[in-house]
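Participant:
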Amino acid sequence: MPVEIIDVNDNVSDEKKTWWQKYYLIVRIVLVLIVAVITFLILFIIKRNIIPIPSTLPTSLPSVQCPVSCSIHSHIPPVDLLTASISSLARDLSNCRYSSTDLVRWYLMRIDAVNRRGSHPLYAVIETNPDALMIANTLDQQRQSTGPRSSLHGIPILVKDNVATNDKMQTTAGSLALIGARVVRDAHVVDRLRQAGAIILGKTSLSEWSNFRSMNKSREGWSPRGGPASSAYVANGDPSGSSSGSAVAVSAGLCAAAVGTETAGSIVSPSSVANIVGLKPTVGLTSRSGVIPISRYHDSIGPMGRTVEDVALMLEIMQGVDSRDEATQQVGAIRHGNYSQFLRGVEGLRGLRLGIVIQHINMTTELVDVMDKAVALMRSYGAKIIDSVNFTDINDHQMFDDLFSLFLITFPEDIANYLMELSNTTIRSLNDLIEFNLNHTNEEFHPLFAPNQDIFELSNNFTKSLYMNQSSLLNKTRRLGGQLSIDAALAKHSLDALITPNVSSSLTIMASAAGYPLITVPLGYDQSNGEPYGLMIAGTAWSEPILLRVAHGFEQASRVRDQRRPTYAERD
Numbered sequence: 124m125p126v127e128i129i130d131v132n133d134n135v136s137d138e139k140k141t142w143w144q145k146y147y148l149i150v151r152i153v154l155v156l157i158v159a160v161i162t163f164l165i166l167f168i169i170k171r172n173i174i175p176i177p178s179t180l181p182t183s184l185p186s187v188q189c190p191v192s193c194s195i196h197s198h199i200p201p202v203d204l205l206t207a208s209i210s211s212l213a214r215d216l217s218n219c220r221y222s223s224t225d226l227v228r229w230y231l232m233r234i235d236a237v238n239r240r241g242s243h244p245l246y247a248v249i250e251t252n253p254d255a256l257m258i259a260n261t262l263d264q265q266r267q268s269t270g271p272r273s274s275l276h277g278i279p280i281l282v283k284d285n286v287a288t289n290d291k292m293q294t295t296a297g298s299l300a301l302i303g304a305r306v307v308r309d310a311h312v313v314d315r316l317r318q319a320g321a322i323i324l325g326k327t328s329l330s331e332w333s334n335f336r337s338m339n340k341s342r343e344g345w346s347p348r349g350g351p352a353s354s355a356y357v358a359n360g361d362p363s364g365s366s367s368g369s370a371v372a373v374s375a376g377l378c379a380a381a382v383g384t385e386t387a388g389s390i391v392s393p394s395s396v397a398n399i400v401g402l403k404p405t406v407g408l409t410s411r412s413g414v415i416p417i418s419r420y421h422d423s424i425g426p427m428g429r430t431v432e433d434v435a436l437m438l439e440i441m442q443g444v445d446s447r448d449e450a451t452q453q454v455g456a457i458r459h460g461n462y463s464q465f466l467r468g469v470e471g472l473r474g475l476r477l478g479i480v481i482q483h484i485n486m487t488t489e490l491v492d493v494m495d496k497a498v499a500l501m502r503s504y505g506a507k508i509i510d511s512v513n514f515t516d517i518n519d520h521q522m523f524d525d526l527f528s529l530f531l532i533t534f535p536e537d538i539a540n541y542l543m544e545l546s547n548t549t550i551r552s553l554n555d556l557i558e559f560n561l562n563h564t565n566e567e568f569h570p571l572f573a574p575n576q577d578i579f580e581l582s583n584n585f586t587k588s589l590y591m592n593q594s595s596l597l598n599k600t601r602r603l604g605g606q607l608s609i610d611a612a613l614a615k616h617s618l619d620a621l622i623t624p625n626v627s628s629s630l631t632i633m634a635s636a637a638g639y640p641l642i643t644v645p646l647g648y649d650q651s652n653g654e655p656y657g658l659m660i661a662g663t664a665w666s667e668p669i670l671l672r673v674a675h676g677f678e679q680a681s682r683v684r685d686q687r688r689p690t691y692a693e694r695d
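695 is the number that my numbering gives the last residue of the sequence shown; the numbers go up by one with no jumps.
Okay, structure coming up:
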């Protein structure tokens, strides 16, 4: 028998109905609408990632859902990436102004816009890290759950392509010969940066094999993999080298900072013409393990940034003892966990004694005028400047020849030791590299940028007798560059540091021979084409605190970098 459903409201007169009975249907409709609106809002908020969806974190981090996401999902950064410093970016990240994921996305957009596109491509970046956004997201979550690991937490950094990264990127020194070869581990410096929370955003271009393959070339910064790196300030301008891409990328705002390497001028020279700060540390302050070598006695790896403070913050993380690099274990090494403590602004210039080195420099009227103004500025803040500190008893050309001979002698063994650790490659020696280049002349040789491999061939043909002579040659050049040159000048005039308006001065070769540190800071711009140039500061071994103090004082007093933006770092 069917059951009849009777509405109880039907038998009740309108006068006797309660308000609930009168408006029952309307109330039901309103409640349904409210539930629908709330459901829609929740789905919309989740989709926009305003409330983050939990994701799996590495086992080393606590699996805690972030209460808030700082991502703003804007294609227009609320910060000027051409001028932003590491400290300003870190401050914004801590204040939840935006996220590291945002930062990575903005830098990738800039790289896409100016690196290989437009009327003046920079060719500063060889490749970007395909995992950069994922890494940034993980670091964003960690910042919310446990706080930042260091001042570099979530900061995107680019690394020169001769520095090993054990990830999905290549490490090739710009050469086609090492494409596909796999490294067994991160370079020690890269590992320290990762542990500090830095994001390895990608690899930068360079003069192939760190400028140690061809002598007869018209410009720096070219490699078969990276193409012709170009200045962000001068149309088709020579970026110098060999850390060309690192310097251009920093100057053009393609990263927060970068890692470069130097054997003889390869950090300070490109930094100078890129209007940035570059520091070549004392050999042994930073580990070279995992770096494609030229000479174990002279190679150094250092930071490149837009400000002296950026470089100091990078150095704090990069420096350290490494069991795979004997130079980091030498007796007498002086390390500091906090290099920022030596940055005292203009007050740091007071009482310092600095000597000017202009030996063998073409001091044009323009350069003399700029240097005179720089000296007057530093004197106005209390620095004591000693004019014309020269090295009349030193044969610069002979020292360079001896130093270059040392590079040629040590390179075959050093490069073989590096190559033997690689997997997925048949390239195991300098001779293998030479043969590869001969079999790929169309790709590896460029008529203007790298027409031959004469340095490789010279090094490969050095006799055993010369190899056995390397110890005496090493001691000779170290003594000439250090004890008889830089140290002698510092002692003779009671100086804290030496300064020069040209990175091509004798000081660069002397510091290379002795393994001493150098730093360059923006000084001025060439009136003819707007190319920047820097003030280089040199000191004795482990004098990084003094060099940073001088550089920071001059930077804060002069503000040279703020005077001109890079012309070719903007979108067309």
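Using N, Cα and C, we set each Cβ at its ideal position, and we do this for glycine too.
Between which two residues does the alpha helix (DSSP H) harbouring Leu274 extend?
Facilitator: Going by the sequence as given, residue 274 is Ser instead of Leu. Neither: Ser274 is in no alpha helix (DSSP H) and is coded neither H nor E.
Participant: Measure how close the beta-carbons of Leu466 and His675 come, nearest whole angstrom, since I'm counting them as under 8 Å.
Facilitator: So it is a contact: roughly 4 Å between Cβ atoms.
Participant: Specify the secondary structure class of Leu205 as computed by DSSP and reduced to three states.
Facilitator: Residue state, collapsed to three classes: coil.
Participant: Give a yes or no on whether the C-beta atoms belonging to Ala370 and Val406 are separated by under 9 Å.
Facilitator: No, these two residues do not count as a Cβ contact at 9 Å.
Participant: So, Tyr462 versus Leu500, is the Cβ gap smaller than 9 Å?
Facilitator: Cβ atoms of Tyr462 and Leu500: not closer than 9 Å.
Participant: Which complete alpha helix (DSSP H) runs does the stretch 206–230 hold, if anything under 4 residues is left out?
Facilitator: Qualifying alpha helix (DSSP H) stretches, in chain order: 209–217.
Participant: Going by DSSP, name the residue or residues bridged to Gly478.
Facilitator: Ile509 and Leu621, per the DSSP bridge assignment.
Participant: Taking all protein chains shown into account, decide if Glu678 is buried (16 or more other Cβ within 10 angstroms of its Cβ) or exposed.
Facilitator: Looking at its Cβ environment, which holds 16 or more other Cβ atoms inside 10 Å, Glu678 is buried.
Participant: Residue ranges of each alpha helix (DSSP H) run of no fewer than 4 residues wholly in the stretch 627–664, ordered along the chain?
Facilitator: With a minimum length of 4 residues, the continuous alpha helix (DSSP H) runs that stay inside the stretch 627–664 are 629–637.
Participant: Which class does Thr179 belong to by DSSP, given the choice of helix, strand or coil?
Facilitator: Because Thr179 sits at a pLDDT of 31, beneath the cut-off of 50, its placement in the model cannot be relied upon, and the point is left open.
Participant: Below 7 Å CB to CB, which residues in the same chain sit around Leu603 once its five sequence neighbours on both sides are set aside?
Facilitator: Once the five neighbours on either side are set aside, the close Cβ partners of Leu603 are Ile517, Met522 and Ala636.
Participant: Gly303: buried (16+ other C-beta within 10 angstroms of its C-beta) or exposed?
Facilitator: Flag for Gly303 reads exposed.
Participant: With a threshold of 16 other CB atoms inside 10 Å of the CB of Val400, please say whether the residue is buried or exposed.
Facilitator: Counting Cβ neighbours within 10 Å, Val400 comes out buried, since at least 16 surround it.
Participant: How about His563 and Leu299: do their beta carbons lie closer than 9 Å?
Facilitator: Yes.
Participant: Scan the stretch 478–547 and note each continuous beta strand (DSSP E) run of 3 residues or more that stays entirely inside, going in chain order.
Facilitator: Whole beta strand (DSSP E) segments, 3+ residues: 507–509.
Participant: For Gly657, which residues of its own chain have a beta-carbon under 7 Å away from its beta-carbon, when the five flanking residues on both sides are left out?
Facilitator: Result list for Gly657: Ser394, Ser395, Val626, Thr643, Val644, Pro645 and Leu646, in chain order.
Participant: Please determine if the stretch 548–556 and the stretch 408–426 are in contact, where contact requires at least 3 C-beta pairs separated by less than 8 Å.
Facilitator: As far as the Cβ criterion goes, the stretch 548–556 does not touch the stretch 408–426, which means the pair count is below three.
Participant: As an exercise, report each continuous beta strand (DSSP E) stretch of at least 3 residues that is fully enclosed by the stretch 419–482, in chain order.
Facilitator: Qualifying beta strand (DSSP E) stretches, in chain order: 423–428 and 476–479.
Participant: Is the stretch 351–364 close to the stretch 234–249, with three or more CB pairs under 8 Å?
Facilitator: The stretch 351–364 vs the stretch 234–249: in contact.
Participant: Run through the DSSP bridge pairs and tell me what Trp345 is partnered with.
Facilitator: The partner list for Trp345 (beta bridge, DSSP) reads Pro351.
Participant: One question on the structure: do Leu256 and Gly277 come within less than 9 Å of each other, judged by their Cβ atoms?
Facilitator: No; because the gap between Cβ atoms is not below 9 Å, this pair is not in contact.
Participant: Would you kindly work out how many angstroms separate the C-alpha atoms of Ser341 and Ser273, rounded to a whole number?
Facilitator: Roughly 42 Å separates the two Cα atoms.
Participant: Does DSSP classify Thr261 as helix, strand or coil?
Facilitator: Helix at Thr261.
Participant: Can you tell me the Cβ-Cβ gap for Ser194 and Tyr221, rounded? I've got them flagged as a contact below 8 Å.
Facilitator: The pair is a contact, with the Cβ atoms about 7 Å apart (cut-off 8 Å).
Participant: With 16 other CB atoms within 10 Å as the buried threshold, where does Ile632 fall?
Facilitator: Buried, since its Cβ has 16 or more Cβ neighbours within 10 Å.
Participant: What is the C-beta distance between Ile367 and Ala573, in whole angstroms, given that I count them as a contact (C-beta under 8 Å)?
Facilitator: Reading off the sequence, residue 367 comes out as Ser, not Ile. Between Ala573 and Ser367 the Cβ distance is about 13 Å, and since that is not below 8 Å, they are no contact.
Participant: Mark Ile249 as exposed unless 16 or more other C-beta atoms lie within 10 angstroms of its C-beta, in which case mark it buried.
Facilitator: When all chains shown are included, Ile249 counts as buried.
Participant: Helix, strand or coil, according to DSSP, for Gly360 in the structure here?
Facilitator: Coil.
Participant: Determine, using beta carbons only, whether Ala379 and Asp433 come nearer to each other than 9 Å.
Facilitator: Yes.
Participant: May I ask you to report which of helix, strand or coil DSSP gives Lys705?
Facilitator: What the structure shows of the chain is the stretch from 124 to 695, and residue 705 is not part of that stretch, so it cannot be assessed.
Participant: Do Gly662 and Leu613 count as a contact pair if the criterion is CB distance below 9 Å?
Facilitator: Yes, they are a contact pair.
Participant: When DSSP labels each residue in this structure, what does Lys291 get in the three-state scheme?
Facilitator: Reduced to three states, the DSSP call for Lys291 is coil.
Participant: Just tell me which of Ser374, Arg411, Pro416 and Thr384 has its CA closest to the CA of Asn398.
Facilitator: Among Ser374, Arg411, Pro416 and Thr384, the Cα nearest to that of Asn398 is on Ser374.
Participant: Give the C-beta separation of Leu571 and Val306 to the nearest angstrom, bearing in mind that I take them to be a contact with Cβ-Cβ under 8 Å.
Facilitator: At roughly 31 Å, the Cβ-Cβ gap does not stay under 8 Å, so Leu571 and Val306 are not in contact.
Participant: Identify, in the order they occur along the chain, each residue of the same chain with its Cβ nearer than 8 Å to the Cβ of Val131, setting aside the five sequence neighbours on each side.
Facilitator: For Val131, the predicted model reports a pLDDT of 39, less than 50, meaning its position is unreliable and no value from the coordinates is stated.
Participant: With a CB to CB cut of under 8 Å and the five nearest residues on each side skipped, what residues in its chain are close to Lys139?
Facilitator: Bear in mind that the predicted position of Lys139 carries a pLDDT of just 47, short of 50, making it unreliable; the figure below should be weighed with that in mind. Closer than 8 Å at Cβ, skipping near neighbours: no residue.
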